[in-house]
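Engineer: Here it is: the structure, laid out below.
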Amino acid sequence: MSVDLHEKAKAAAARAYAPYSNYLVGAVVRTRDGREFAGVNVENAAYPLGICAERTAIAKAVSEGYKPGDFEAIGITASPCGGCRQWLYEFGVEAVTFENRNGEIVTYTASSPTSRRRRAAASSGSPTVPSTSSSSPTCRGSRSRSTR
Ligand SMILES: [Zn+2]
């Protein structure tokens, strides 16, 4: 479904600003009217101030006038971290495609660990993004990988 977005995300990842981790992540989000916005992770010496590729892509779209519910799909070169899952859920990104830790390209419906009740009420029957285990690399890169 959004495998093409994953391919575009891989190309975008080359533009990531990740001098601290050297972990390059790309994401491309597609709006319902067919526009695409690419994002990369942008790190900062103060680690929490960095931003993930998914959030960069969504922020670009929002700054162009898009709102929750306007997003059809996103492709990401890494498994989304908890914070990004919350963003994907809040903006209602329908299909989330990323490369899992086994190197497989998988597509899920966005879900949020902090919104289980609302999600259950709006159950679509689609599989939801599985929760991130501590051993799974995410868009947050080296920090989560170093907990292995
Ligand atoms: Zn993230």
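Using the numbering used here, read the sequence shown as starting at 22 and increasing by one per residue.
Quick reminder that beta carbons are idealized off the backbone N, C-alpha and C, glycines included.
1) Measure the C-alpha to C-alpha separation of Y87 and A99 and round it to an integer number of angstroms.
2) With contact counted as at least three CB pairs below 8 Å, one residue from each stretch, are the stretch 57-73 and the stretch 114-129 in contact?
3) Excluding five sequence neighbours on each side, which residues of the same chain lie with their C-beta closer than 8 Å to the C-beta of R138?
4) List the whole-angstrom C-beta distance separating I47 from A59, where the pair is believed to meet the contact cut-off of C-beta under 8 Å.
5) Thinking C-beta only, is N62 closer than 7 Å to A80?
6) Please classify E28: does DSSP put it in a helix, a strand, or coil?
7) So, at 8 Å on beta carbons, what are the nonlocal neighbours of Y17 in its own chain, with the 5 sequence-adjacent residues on each side left out?
8) Spatial neighbours of C105 within its chain, please: CB distance less than 7 Å, with the 5 preceding and 5 following residues excluded, ordered by chain position.
9) If you draw a straight line from the alpha carbon of V114 to that of F92, how long is it in whole angstroms?
10) Measuring only from the beta carbon, is R161 closer than 6 Å to any heavy atom that is part of ligand 1?
11) Can you give me the C-alpha to C-alpha distance between G55 and L26, rounded to a whole angstrom?
12) So, is Y41 buried or exposed, given that buried needs 16 or more other C-beta atoms within 10 angstroms?
Structural biologist: From the atom records:
1) 24 Å
2) no
3) Note that R138 scores 43 on pLDDT, short of 50, meaning its location in the model is unreliable and no value can be drawn from it.
4) At residue 47 the sequence reads Gly, which differs from the Ile that was named. Confirmed, about 7 Å.
5) no
6) helix
7) There is simply no residue 17 to check, as the chain begins at 22 and stops at 169 in what is shown.
8) C73, E75, R76, C160
9) 5 Å
10) yes
11) 12 Å
12) exposed
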